[in-house]
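If you count by our numbering, then the sequence shown holds residues 143 to 515, one letter each, in order.
We put the beta carbon where it would ideally sit given N, CA and C, even for glycine.
Source: prediction; values computed, not measured.
Working notes, structure below.
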Amino acid sequence: MKNALLRRALACFQSDMASTAPVFTLPTGLIDNLSQQFSEAGRSFPSPPISSVQKRVDFVIKDIINSVNSSLPLLNSISSLVFDNAAAKRIRPSLCLLIANALNPDKVPASDAPISKFDTVAQIAEMIHVASLLHDDVLDGASIRRDSPSVNATFGNKAAILGGDFIMARSSILLSSLESVEAVRLMATVISDLVSGEIMQLRAMNSGAIEDRISYYMAKTYNKTASLMANSCRTVAVIGGENVSTQNAVYDYGKYLGLCFQITDDLLDITSNEAALGKQAGADLSTGVATAPILFAAEQFPELDEMLARKFTNDGDKERTMDLVSKSDGVARTEELIQSLAIMACNSIKSLPESIHHEALILLVQDIINRKY
143 MKNALLRRAL ACFQSDMAST APVFTLPTGL IDNLSQQFSE AGRSFPSPPI
193 SSVQKRVDFV IKDIINSVNS SLPLLNSISS LVFDNAAAKR IRPSLCLLIA
243 NALNPDKVPA SDAPISKFDT VAQIAEMIHV ASLLHDDVLD GASIRRDSPS
293 VNATFGNKAA ILGGDFIMAR SSILLSSLES VEAVRLMATV ISDLVSGEIM
343 QLRAMNSGAI EDRISYYMAK TYNKTASLMA NSCRTVAVIG GENVSTQNAV
393 YDYGKYLGLC FQITDDLLDI TSNEAALGKQ AGADLSTGVA TAPILFAAEQ
443 FPELDEMLAR KFTNDGDKER TMDLVSKSDG VARTEELIQS LAIMACNSIK
493 SLPESIHHEA LILLVQDIIN RKY
């Protein structure tokens, strides 16, 4: 039953390309072994992998400040707070540039080269992400973001919502500069998916068969997080003139990486603390959101079903949930799910040309699933 439930969680996301991945027989240290093979080939790797594009990302982010410049001081203050933040991970723009370099290993731009269309995709991805965070923090009542007071805590909910709208609108202006109908379709789909994901979370399936709840959770996770990574990767391939097979490959990579990222985030919300996360720990429980560790634990402890149905609103629900999760194999099974998705991500880009940039994408998967915040 346990393996069947994990397979159900993966089923709707496992493409033909990834179907040969050893989903439930993951060799210990497989990604470490890949890294070792690359090192033995005489290549050196940046640590972390995104450091190979870090200077370029910094350059691209600074250019965003120009794109969101406004005559209104409040909007400029919001933009400075969210884009000029050393604690920001910058995973999405880094991913876009790593994909661009992996597809064009002989045409990697200098860190201060003029802004290219690939850079513009990276900017759009980060702007959409940041705008969604402003909205998320209002919806969740979050007061901390990246070790600092959130925008809504600093300027109020209305300003945070309008700031998010403004950044999203400016990303659309940038999107039009790509002069690609397909790019517009892909990134518009991302925005639609973000809203769908939030609605799914608002109306979460916290009752019913556990298999259905897991499938619902995975679909919500794709919409809220993985869609942006997947479609950004595909957009890079589209504007680079890559064939459909390559577009599908990088889309799948972004999809599985995005799922890994968010499910790892959900796991850390249960197992880590505020000091490590740079934001409130246990936030999902506080907002009544059921994540993978809890859903897997509910299969062992049906007592959780009632707490899930009422979204942990009774006194003692959160503490009891944490206790039951710790006694279950919910954490272990969530880790297994993450590792399975990581293998799918790595398998998705086997067809890309061999280069240090391709290998950095493999190592990025390792960094994502091993992160502590």
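Asked: Limits of the unbroken alpha helix (DSSP H) element including residue 363; Found: 352–363
Asked: Identity of the residue in 483, 355, 387 and 273 nearest residue 438 by Cα; Found: 355
Asked: Element boundaries [alpha helix (DSSP H), containing residue 464]; Found: 459–469
Asked: Residue 444 - containing alpha helix (DSSP H), residue span; Found: Here residue 444 belongs to no alpha helix (DSSP H), and DSSP marks it neither H nor E.
Asked: Sufficient close CB pairs (3 or more, under 8 Å) joining the segment 327–338 to the segment 422–436; Found: no
Asked: Other residues of its chain near residue 207: CB distance less than 8 Å, five sequence neighbours each side excluded; Found: 221, 222, 225 and 226
Asked: Neighbour-count burial assignment, residue 525, 16 or more Cβ in a 10 Å radius; Found: The structure shown does not extend to residue 525, since the chain spans only 143 to 515, so no value can be given for it.
Asked: Given residue 91 as reference, the closest of 204, 332 and 401 once Cα atoms are compared; Found: The structure shown does not extend to residue 91, since the chain is modelled only from 143 through 515, so no value can be given for it.
Asked: Status (buried if at least 16 other CB within 10 Å, exposed otherwise) for residue 455; Found: exposed
Asked: Own chain partners of residue 230 with C-beta closer than 7 Å, once the 5 adjacent residues on each side are dropped; Found: 288
Asked: Residue 256 - DSSP class collapsed to helix/strand/coil; Found: coil
Asked: C-alpha gap between residue 336 and residue 358, whole angstroms; Found: 15 Å
Asked: Nearest-angstrom Cβ-Cβ length linking residue 245 and residue 379, presumed shorter than 8 Å; Found: 6 Å
Asked: Proximity below 7 Å, CB of residue 398 to CB of residue 487; Found: yes
Asked: N- and C-terminal bounds of the alpha helix (DSSP H) containing residue 198; Found: 196–209
Asked: Beta-bridge partners of residue 287, as assigned by DSSP; Found: 290
Asked: Under the three-state DSSP convention, the category residue 297 falls into; Found: helix
Asked: Residue span of the alpha helix (DSSP H) that contains residue 234, given as start and end; Found: 233–245
Asked: Burial state of residue 321 (16 or more Cβ within 10 Å); Found: exposed
Asked: Span of the alpha helix (DSSP H), counted from its first residue to its last, around residue 390; Found: 386–413
Asked: Residue 268 and residue 235 closer than 7 Å at C-beta; Found: yes
Asked: Residue 485 - DSSP class collapsed to helix/strand/coil; Found: helix
Asked: Residue range of the unbroken alpha helix (DSSP H) whose run includes residue 339; Found: 323–344
Asked: Inter-residue Cα distance where the pair is residue 271 and residue 370; Found: 8 Å
Asked: Alpha-carbon spacing of residue 404 relative to residue 212, whole angstroms; Found: 32 Å
Asked: Given residue 304 as reference, the closest of 277, 430 and 318 once Cα atoms are compared; Found: 277
Asked: Sequence-distant residues of its chain with Cβ nearer than 8 Å to residue 316 (five each side left out); Found: 209, 262, 265, 266 and 269
Asked: Burial state of residue 461 (16 or more Cβ within 10 Å); Found: exposed
Asked: Straight-line Cα distance separating residue 447 from residue 351; Found: 10 Å
Asked: Per-residue DSSP class, three states only, for residue 306; Found: helix
Asked: Secondary structure of residue 478, DSSP reduced to three states; Found: helix
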